[in-house]
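Quick note: the sequence shown uses my numbering, first residue 396, plus one each step. Don't be surprised by glycine CBs; every beta carbon is placed ideally from N, CA and C. Note that this is a predicted model, so its numbers are computed, not measured.
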Amino acid sequence: MLASRTLASPRTAAYSDKEGGHEARPEWLGIGLGGLLALAVLALVFVYIASSRIIARTYDVPLVALEPPTDSVLLADGQRLTGRWGCAGCHGDRLAGELMFEQLFLGRIAAPNLTRILPLYSDAELERLVRHGVKRDGKSAFVMPAKFFYHLPDDQLGSIIAFIRTIPAAEGPEGGVKFGPLGRLLLVLGEFRPAAEEVDRSVPRVPYPEPTDLLGFGEYWAMRACTFCHGEDLRGDEEVSAPSLEVVGTAYSPTQFEFLMRTGIDVGGRKLGLMSEVARDNLRHMTPQEVAGLYAYLRSRFGGDSGTPEPATADSAAVQ
Ligand code: HEC
Ligand code: HEC
Numbered sequence: 396m397l398a399s400r401t402l403a404s405p406r407t408a409a410y411s412d413k414e415g416g417h418e419a420r421p422e423w424l425g426i427g428l429g430g431l432l433a434l435a436v437l438a439l440v441f442v443y444i445a446s447s448r449i450i451a452r453t454y455d456v457p458l459v460a461l462e463p464p465t466d467s468v469l470l471a472d473g474q475r476l477t478g479r480w481g482c483a484g485c486h487g488d489r490l491a492g493e494l495m496f497e498q499l500f501l502g503r504i505a506a507p508n509l510t511r512i513l514p515l516y517s518d519a520e521l522e523r524l525v526r527h528g529v530k531r532d533g534k535s536a537f538v539m540p541a542k543f544f545y546h547l548p549d550d551q552l553g554s555i556i557a558f559i560r561t562i563p564a565a566e567g568p569e570g571g572v573k574f575g576p577l578g579r580l581l582l583v584l585g586e587f588r589p590a591a592e593e594v595d596r597s598v599p600r601v602p603y604p605e606p607t608d609l610l611g612f613g614e615y616w617a618m619r620a621c622t623f624c625h626g627e628d629l630r631g632d633e634e635v636s637a638p639s640l641e642v643v644g645t646a647y648s649p650t651q652f653e654f655l656m657r658t659g660i661d662v663g664g665r666k667l668g669l670m671s672e673v674a675r676d677n678l679r680h681m682t683p684q685e686v687a688g689l690y691a692y693l694r695s696r697f698g699g700d701s702g703t704p705e706p707a708t709a710d711s712a713a714v715q
């Protein structure tokens, strides 16, 4: 019902009001419209069936047992890692769920309340969900960025899982992804893909670089934390209006860059939109060493010298 209303656009309605009434319509027009309507209904039925099949697909990814973390430092680091890898950015600070998007025709995206779901999942099932996008029932999750999480190192994922299991149960909004008619169309057209199909399992997991390898460390984080919005080549993505990161090479000192990562405030003192949310939810959890690595990597990649990264200063810490 809702879907068929989109087809009668307000503009068509206005047009027929003006023209209609006084003159008799030629008969072929009536037949044409009837035919079009029938076609549209058929197309809708097709989209509904085809999209339901995509949603119902199951994926055969084996369960892998992770070694529980033994390193007490890494275990204590679970909270920071949960922030840095972005779980809290979507699932909310207390992981009790968050409504991310709702629109009648596209659908509804809500990151579910993990405090209620985690008891149902074994560690191995969580590994498969996070790194492969496959839910307990074998179906794919949507929106969960498994293609980035695929590269999460074992020990870090282990410590995230250990930490999120300690969070007390809380109430949150109803979670999950529901598709409206337009959302279903995007699914059928392949514009919107199940998370499980976005993961390229043929490539080996990128090894976590030694922190002493500053450039390697920076590249690792640029590829995990920035490409999502700034494009695979870091040269910007018009769809989310994220600029090319060449700007880091031309306009940012190490301190200004660190300040941007922690606050989302740019070199000109302007509080950015989406970027400031990413800084608040995610980037501020990076260690000074990770930020220094990112800076060095972006400078070297885009032609500037790699600069002399400064440690976190009292100034930048005070403004946080
Ligand atoms: C970009 C937003 C986003 C990020 C980042 C994210 N999630 Fe999710 N997550 C979602 C959404 C949306 C769903 C609902 C998926 C669905 O129902 O198709 C979900 C579902 C889940 C589920 C429930 C699956 C089920 O059976 O219903 C778990 C568990 C989960 N996420 C854990 C995590 C963990 C752990 C992290 C961090 C490593 C994480 N998520 C990061 C958005 C996100
Ligand atoms: C969720 C999307 C998203 C992610 C992830 C993201 N950015 Fe951004 N970034 C943006 C957007 C959008 C802008 C444009 C300003 C705005 O509207 O917030 C921006 C702007 C910037 C700018 C330009 C500031 C200026 O001076 O104009 C820099 C530099 C930057 N981001 C660096 C990074 C780095 C480095 C990472 C990875 C560690 C990153 N961003 C991750 C969305 C993102």
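Express the C-alpha separation of residue 514 and residue 489 in angstroms, rounding to a whole number. 16 Å
Please state whether DSSP places residue 462 in a helix, a strand or coil. coil
Going by CA-CA distance only, name the one from 567, 603, 655 that's closest to residue 485. 567
Counting Cβ pairs, one atom from each stretch, are 3 or more of them under 8 Å apart for the region 450-468 and the region 504-523? yes
Between the alpha carbons of residue 602 and residue 550, how many angstroms are there, rounded? 12 Å
Beta-carbon separation (whole angstroms), residue 617 vs residue 693, contact threshold 8 Å: 7 Å
For the beta strand (DSSP E) that residue 681 lies in, which residues bound it at each end? Looking at the DSSP string, residue 681 is not in any beta strand (DSSP E), and its letter there is neither H nor E.
Indicate, with yes or no, if ligand 2 has a heavy atom lying under 7 Å from the CB of residue 638. yes
Do you know how far the Cα of residue 622 is from the Cα of residue 594? 15 Å
Using a threshold of 7 Å, is the CB atom of residue 485 nearer than that to any non-hydrogen atom of ligand 2? no
Taking C-beta to C-beta, are residue 547 and residue 523 nearer than 8 Å? no
Just to confirm the assignment, what range does the alpha helix (DSSP H) spanning residue 513 have? Here residue 513 belongs to no alpha helix (DSSP H), and DSSP marks it neither H nor E.
If you check the beta carbons only, do residue 690 and residue 613 fall under 8 Å apart? yes
I'd like to confirm something about residue 621: is its beta-carbon nearer than 7 Å to some heavy atom of ligand 2, or not? yes
Note down the Cα distance separating residue 581 from residue 491, rounded to an integer number of angstroms. 29 Å
Host beta strand (DSSP E) of residue 572 (start-end): 571-574
Can you name the start and end residues of the alpha helix (DSSP H) that residue 503 belongs to? Segment 502-506 is the beta strand (DSSP E) holding residue 503; no alpha helix (DSSP H) there.
Can you give the Cα-Cα distance for residue 670 and residue 624, rounded to whole angstroms? 9 Å
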